[in-house]
Amino acid sequence: MPATSLMISHQEMRDAQEAGRTRPLSPDITDFVKYRGDWWLRSPEGWLRITDSYLASRFDAVRARLDLAEDDAICLLAQEQGATKEERS
Numbered sequence: 073m074p075a076t077s078l079m080i081s082h083q084e085m086r087d088a089q090e091a092g093r094t095r096p097l098s099p100d101i102t103d104f105v106k107y108r109g110d111w112w113l114r115s116p117e118g119w120l121r122i123t124d125s126y127l128a129s130r131f132d133a134v135r136a137r138l139d140l141a142e143d144d145a146i147c148l149l150a151q152e153q154g155a156t157k158e159e160r161s
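Going by this note's numbering, the sequence shown opens with residue 73, and the numbers climb by one from there.
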């Protein structure tokens with residue numbers, strides 16, 4: 073994909089997804105994907121690069137909050153599992 077490309081094919085995005093080079097906005101919102109440092113929107117013709125910097129920054133903020141919440145949930149689960157192991161000992 074050229075750096076100035078505003079659209080990529082579904083096949084290019086599928087290849088990137090299969091290679092693990094993309095990240096959806098959330099597990100439930102997969103029509104917005106971060107790929108090569110930009111956010112992309114699925115359309116019938118392909119994937120459109122989001123050029124609105126404010127919208128892209130909002131997506132980054134949402135993704136960061138979701139990452140933090142996921143990290144917190146993992147830590148809490150690990151703590152609960154550790155406490156359960158200690159109770160059995």
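Glycine residues also receive a C-beta, built at the ideal position from the N, C-alpha and C atoms. Model, not experiment: these values are computed from the prediction.
*Which of the three DSSP states, helix, strand or coil, is assigned to S129?*
Reduced to three states, the DSSP call for S129 is helix.
*asked:* Pairs of beta-carbons, one from the stretch 127-135 and one from the stretch 75-85, closer than 8 Å: are there three or more?
replied: Flag = no, the stretch 127-135 and the stretch 75-85 do not touch.
_I need the boundaries of the alpha helix (DSSP H) containing D87, first residue and last residue._
Per DSSP, D87 is one residue of the alpha helix (DSSP H) stretching across H82 to E90.
*Mind checking I101: buried by the 16 CB within 10 Å criterion, or exposed?*
So I101 ends up on the exposed side.
_What does the alpha-carbon distance come out to for the pair F131 and L149?_
Their backbone Cα atoms lie some 27 Å apart in a straight line.
*When you compare each of Q151, R135 and W111 to P99 by their alpha carbons, which one comes out closest?*
The residue with the shortest Cα to Cα distance from P99 is R135.
*Taking the DSSP output, what are the residues bridged to V105?*
Paired residues: P96 and W112.
*With a threshold of 16 other CB atoms inside 10 Å of the CB of I146, please say whether the residue is buried or exposed.*
Under this definition I146 is an exposed residue.
_Do F104 and P116 have their beta-carbon atoms positioned less than 8 Å apart in this structure?_
Contact annotation: P116 and F104 have beta-carbon atoms that are not nearer than 8 Å.
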